[in-house]
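What follows is one structure encoded as structure tokens, with my remarks underneath.
Residue numbers (the numbering used here): 745 to 1056.
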């Protein structure tokens, strides 16, 4: 029986049980809820199935990932057909759905993009770069050792141009300018495990160019072009200026917002890896690869009166 043993910290006190399990156990929130529903969670040795139950500092939470010979992660089924954006003898580019980890995490070693793509190509896929679990969009994998090495070097040396789209929600009086650049360093937040801070001079240098494509009240659709690849760079940069990505509760954003007088809920961080421009790892040909817009961003695009065209 495979399980997680979690302890509630001071920072997590008062958090909903499902959100605490998801964050502390590196699980998708939907998976945490499913484990709760099937009775796989114990708080202080008592089985709990109520997702909204608050947790308190010092409580011990046991999460059973396998029970009765079955893995909880088996519920994360591979889509009938992964959307392939590009494939040749050297590498493959696919569209990553949200809530699927790129590779194995402490809470899941099955149902990952690395596993699914390896099954798809019939050989071990080469990990080149990563996307956060809730982030959707373009993900590349090498099909040969040479291509994997060349692609990984291109990401490391920052010769790959990356473009993301995000729906942001301004807090308080904060408003993003029409365009600009974030140049705040990124480093771990000592007060919250798993979170990163963007600040002047503390941490590793990080740079992101941005452009607001459209806005309505606190809602904005933002084009993001990171020039570095720090952990949580886009999320931390936007949070630092008071405009976190909708659904990103780790960085202070709401999951439910009011649009046109009606509440609208988003179940994940609305961040999408839209486009990559890179040289082919073997031929040197310049490639532009683009992932389709997910449902959450299609909603935002239509709400803001834009067209889901290739220009976004």
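Ideal Cβ placement from N, Cα and C applies to all residues, glycine included. The structure presented is a predicted model; accordingly, all values stated were derived computationally and were not measured.
task: Figure out for me which residue from 961, 909, 893, 833 has the closest Cα to the Cα of residue 917.
output: Taking the chain shown and counting its residues from 1, the one referred to as residue 917 is at position 173. The candidate whose alpha carbon is nearest that of residue 917 is 961.
| At which residue ranges does the stretch 930 to 956 contain complete alpha helix (DSSP H) runs of 4 or more residues, listed in the order of the chain? | none
**Study point:** Alpha-carbon to alpha-carbon, residue 1012 and residue 842
**Key:** Residue numbering aside, residue 842 sits at position 98 when the chain shown is read from its first letter. Residue numbering aside, residue 1012 sits at position 268 when the chain shown is read from its first letter. In a straight line, the C-alpha of residue 842 is about 8 Å away from that of residue 1012.
**Prompt:** By how many angstroms is the C-alpha of residue 805 removed from the C-alpha of residue 812?
**Reply:** Position 68 of the chain shown, counted from the start, is the residue given in the question as residue 812. Position 61 of the chain shown, counted from the start, is the residue given in the question as residue 805. In this predicted model, residue 812 has a pLDDT of only 35, less than 50, meaning its place in the structure is not dependable; the value taken from the coordinates is given anyway. Straight-line Cα distance between these residues: approximately 20 Å.
Quiz item: From 848, 954, 940, pick the residue whose C-alpha is nearest to that of residue 922; which is it?
Solution: Taking the chain shown and counting its residues from 1, one reaches residue 922 at position 178. Comparing Cα positions, the closest option is 954.
- request: Give the DSSP-derived three-state secondary structure of residue 774 in the structure shown.
  value: Mapped onto the chain shown, residue 774 falls at position 30. Looking at residue 774 - three-state DSSP - the assignment turns out to be helix.
_At the level of alpha carbons, what is the spacing between residue 827 and residue 803?_
Translated into the one-based positions of the chain shown, residue 827 becomes position 83. Translated into the one-based positions of the chain shown, residue 803 becomes position 59. C-alpha separation (whole angstroms): 42 Å.
Could you give the distance in angstroms between the alpha-carbon of residue 1032 and the alpha-carbon of residue 1019?
Here residue 1032 refers to the residue found at position 288 of the chain shown. Here residue 1019 refers to the residue found at position 275 of the chain shown. Near 7 Å, if we compare the C-alpha coordinates of residue 1019 and residue 1032.
Item to complete: Decide if residue 839 is buried, meaning its Cβ has at least 16 other Cβ atoms within 10 Å, or exposed.
Response: Looking up residue 839 in the chain shown gives position 95. It counts as buried.
Test item: CB-CB of residue 912 and residue 1017 under 9 Å
Translated into the one-based positions of the chain shown, residue 912 becomes position 168. Translated into the one-based positions of the chain shown, residue 1017 becomes position 273. Going by C-beta atoms, residue 912 is not nearer than 9 Å to residue 1017.
Spatial neighbours of residue 930 within its chain, please: C-beta separation below 6 Å, excluding the five flanking residues on both sides.
Residue mapping note: residue 930 aligns to position 186 of the chain shown, counting from 1. If we look at residue 930 and ignore the five residues flanking it on each side, its Cβ neighbours are 940, 942, 947, 948, 950, 974, 977, 980.
- Item | Backbone secondary structure at residue 877 - three-state DSSP | Along the chain shown, read from residue 1 onward, the residue named residue 877 stands at position 133. Residue state, collapsed to three classes: coil.
Could you check whether residue 990 and residue 963 sit closer than 9 Å to each other, using their CB atoms as the reference points? Taking the first residue of the chain shown as position 1, residue 963 is located at position 219. Taking the first residue of the chain shown as position 1, residue 990 is located at position 246. Yes; because the gap between Cβ atoms is below 9 Å, this pair is in contact.
Self-check item: Backbone secondary structure at residue 848 - three-state DSSP
Solution: For the purposes of this step, residue 848 is taken as the residue at position 104 of the chain shown. Looking at residue 848 - three-state DSSP - the assignment turns out to be coil, as it is neither helix nor strand.
Between residue 1022 and residue 898, is the Cβ-Cβ spacing less than 9 Å? Within the chain shown, the letter at position 278 stands for residue 1022. Within the chain shown, the letter at position 154 stands for residue 898. Yes. Within cutoff.
- request: State the DSSP-derived secondary structure class of residue 905, mapped to helix, strand or coil.
  value: Here residue 905 refers to the residue found at position 161 of the chain shown. Strand.
### Query
Whose C-alpha, out of 970, 780, 877, is nearest the C-alpha of residue 771?
Indexing the chain shown from 1 puts residue 771 at position 27. Comparing Cα positions, the closest option is 877.
Option nearest residue 887 by Cα separation, candidates 864, 1005, 952, 756: Numbered from 1 along the chain shown, position 143 holds the residue referred to as residue 887. Residue 864 is the option with its Cα nearest to residue 887.
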